[in-house]
């Protein structure tokens, strides 16, 4: 079932101080309420070149998506966005974000406490989560169901609780230095009762590197877990992600997630992970069972369905093909064009 505290302990701002030397350099920024309100508002409006000393109406007329090309009035959504962009907390937050991006080398990977907007990469230039501007982040976050989940129902996997028991979340924006991480070196590790029981590759494709190095990969991750993770992380059951592009170096810690069905089991089912069904590898001699740790990778010539396939193209934009909502295409093109001009 899991608990609220398990989820809170996987929030980036709680685990990062204890694992700073094992992971990618990052900056954590407190998120003001005006920004979370903006993310949850209807309409995909961006602050663009809004300046603190600029008239709101003037700024909006030159920077927003032209949802009202006939200038016959401003929608309620537009007016709300105008007020948010002019809010001093919003302006300060934007300044803090730009400063952090600069400190991290000019390119960052953004996320909230738990999730990144990986389901919204379709709207970004080059389908990448690499952000160079404040608007890049806003565009991804406003388009992401994963970000909305963090903001509205982070404890949905915890059952049998009343509203008074749901803790308040202090939201943070996490900016991580952008690194080109090879998908072939990413693995998700499953820890149950302080024991590493399973490892899954994260990529959906077969990689020779993985197929020929299974034993070494498991040994390296197991050593990393026993010496750097298990005695420090406060929970007894959880998952952690690592990147290990080279076998002669320690893995790099990427993230923690709760040991709950809300976390993607990747090549494992949660029935297996929870012990409701047995791991087939423990009943056979196929070379994928290492001292109690089950390792799974995509077999040669194999491929698995992409975990984000249902997020790659929103239903609203599928309507474009039938001509049901052509205005959305105009909005999307303008957003992408404006995002490019801002770089």
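Numbering (this note's numbering), first residue to last: 43 to 385. A virtual CB, placed ideally from N, CA and C, is assigned to each residue, including glycine.
- Determine the DSSP secondary structure at residue 166, reduced to helix, strand or coil. The three-state secondary structure of residue 166, taken from DSSP, is coil.
- Message: Rounded to whole angstroms, what is the Cα-Cα separation between residue 74 and residue 44?
- Response: 29 Å
- How big is the Cα-Cα spacing for residue 58 and residue 194? 23 Å
- Could you give the distance in angstroms between the alpha-carbon of residue 65 and the alpha-carbon of residue 118? 43 Å
- Task: Under the assumption that residue 214 contacts residue 155 (Cβ atoms under 8 Å), give the Cβ distance between them as a whole number of angstroms.
- Result: 6 Å
- Query: Among 212, 237, 284 and 130, which has the Cα closest to the Cα of residue 273?
  - Reply: 237
- In its own chain, which residues sit with a C-beta less than 6 Å from the C-beta of residue 249, not counting the 5 before and 5 after it? 226
- Item | Burial state of residue 143 (16 or more Cβ within 10 Å) | buried
- Could you pull out every residue in the same chain whose Cβ sits closer than 7 Å to the Cβ of residue 122, ignoring the five residues on either side in sequence? 83
- Message: Below 8 Å on the Cβ atoms is my contact criterion, and I expect residue 49 with residue 216 to pass it. Report the Cβ-Cβ distance as a whole number of Å.
- Response: Separation of the CB atoms of residue 49 and residue 216 is rounded to 16 Å, and the pair is thereby denied contact status at 8 Å.
- Item | Member of 54, 243, 259 and 333 whose CA lies at the smallest distance from the CA of residue 310 | Of the residues 54, 243, 259 and 333, the one whose Cα lies closest to the Cα of residue 310 is 243.
- Query: Terminal residues of the continuous beta strand (DSSP E) containing residue 228?
  - Reply: If you look at residue 228, you'll find it in the beta strand (DSSP E) that goes 228 to 234.
- Message: With the cut-off set at 7 Å, would you say residue 319 and residue 281 are in Cβ contact?
- Response: no
- Task: Could you pull out every residue in the same chain whose Cβ sits closer than 6 Å to the Cβ of residue 299, ignoring the five residues on either side in sequence?
- Result: 52, 281 and 305
- Opening and closing residue of the alpha helix (DSSP H) in which residue 136 lies: Per DSSP, the unbroken alpha helix (DSSP H) holding residue 136 starts and ends at 130 to 145.
- Message: Assuming residue 229 and residue 286 are in contact, meaning their beta carbons sit under 8 Å apart, how far apart are those beta carbons, in whole angstroms?
- Response: 7 Å
- Message: In whole angstroms, give me the CA-to-CA distance for residue 241 and residue 233.
- Response: 9 Å
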